Amino acid sequence: MTTELKNPYKPKIRLQMGAGYRFVNRVVKTNNLHTVCEEARCPNIYECWDQGTARS
Numbered sequence: 183m184t185t186e187l188k189n190p191y192k193p194k195i196r197l198q199m200g201a202g203y204r205f206v207n208r209v210v211k212t213n214n215l216h217t218v219c220e221e222a223r224c225p226n227i228y229e230c231w232d233q234g235t236a237r238s
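So, in structure tokens, the structure goes:
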């Protein structure tokens, strides 16, 4: 007998795509770059890119 477990907790997160995120995303796409953040599907990508953590 197999019992399927369902995850009742599904957080609803509103993604904030601020100016910083849009800037970094534009640079990445324009230069045809691939980032670890995107490849790993990082859940914090919007925060990091928006705050400038990803920019150097």
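Under the working numbering, think of the first position of the sequence shown as 183, with each following residue one higher.
For glycine and all other residues, C-beta sits at the position ideal for the given N, C-alpha and C.
Model, not experiment: these values are computed from the prediction.
- Under a 10 Å Cβ-count criterion, residue 218 is classified as exposed, with fewer than 16 other Cβ atoms of the shown protein chains found around its own Cβ.
- By the CB criterion at 7 Å, residue 228 and residue 203 fall inside the cutoff.
- CA-to-CA, the gap between residue 226 and residue 207 works out to about 14 Å.
- Excluding five sequence positions before and after residue 209, the CB atoms of its chain that fall closer than 8 Å to its own CB belong to 215, given in chain order.
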